[in-house]
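Sequential numbering of the sequence shown, starting at 3, is according to my numbering.
For each residue, glycine too, the CB sits at the ideal point set by N, CA and C.
The block underneath contains the structure these notes are about, expressed in structure tokens.
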Amino acid sequence: MPPRPVTEWPDRPVTRSEIQTDLDPIDAIDHLPLDETVVGIWGVTQGQIQRGSIPEEVSDTAIVDFVLETPTEYRMYSYVQHDRTTQWVTYEAEEKRTEGGDKFESILQEYTLLAGNSDIDRVE
């Protein structure tokens with residue numbers, strides 16, 4: 003499934019200062035509509051992945067990818083060029099304990115757990 007725009011998210015990347023890491027994941031980021039099934043919020047910054055399609059004015063510390071972890075799946079959101087504008091998009095969720103879910107667990111080794119908990123074993 004191709005990415006779909008997420009209209010209820012902000013029209014810019016999110017900064018770490020907007021994330022209240024000591025709160026429950028569904029309350030950790032005020033302006034993101036998260037449902038009660040989210041147990042962990044993972045993120046990666048522009049500086050970590052250096053996505054070339056993002057405007058230069060986006061700071062290296064801006065979070066440009068999120069993965070929301072629930073007890074059963076991973077949901078990915080990216081701030082990218084889409085339909086001639088830079089915006090948040092979402093992709094099809096991947097169920098845990100499947101081939102797609104296993105790929106997400108590998109990808110998340112490069113991400114930071116910003117809020118909540120995870121059942122992923124991290125390689126340090």
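Between W90 and V8, the C-beta spacing is below 8 Å.
Nearest Cα to I21 within the set D32, P12 and W11: D32. If you draw a straight line from the Cα of T17 to the Cα of T100, it is about 31 Å long. A117 is bridged by DSSP to I43. The Cβ-Cβ distance between P5 and Y81 does not fall below 8 Å.
In this model, Q52 and Y113 are separated by some 14 Å (Cα to Cα). The Cβ-Cβ distance between L116 and W11 does not fall below 8 Å.
In the displayed model, R18 falls within a helix according to three-state DSSP.
Put simply, the backbone Cα of Y76 is about 21 Å away from that of A64.
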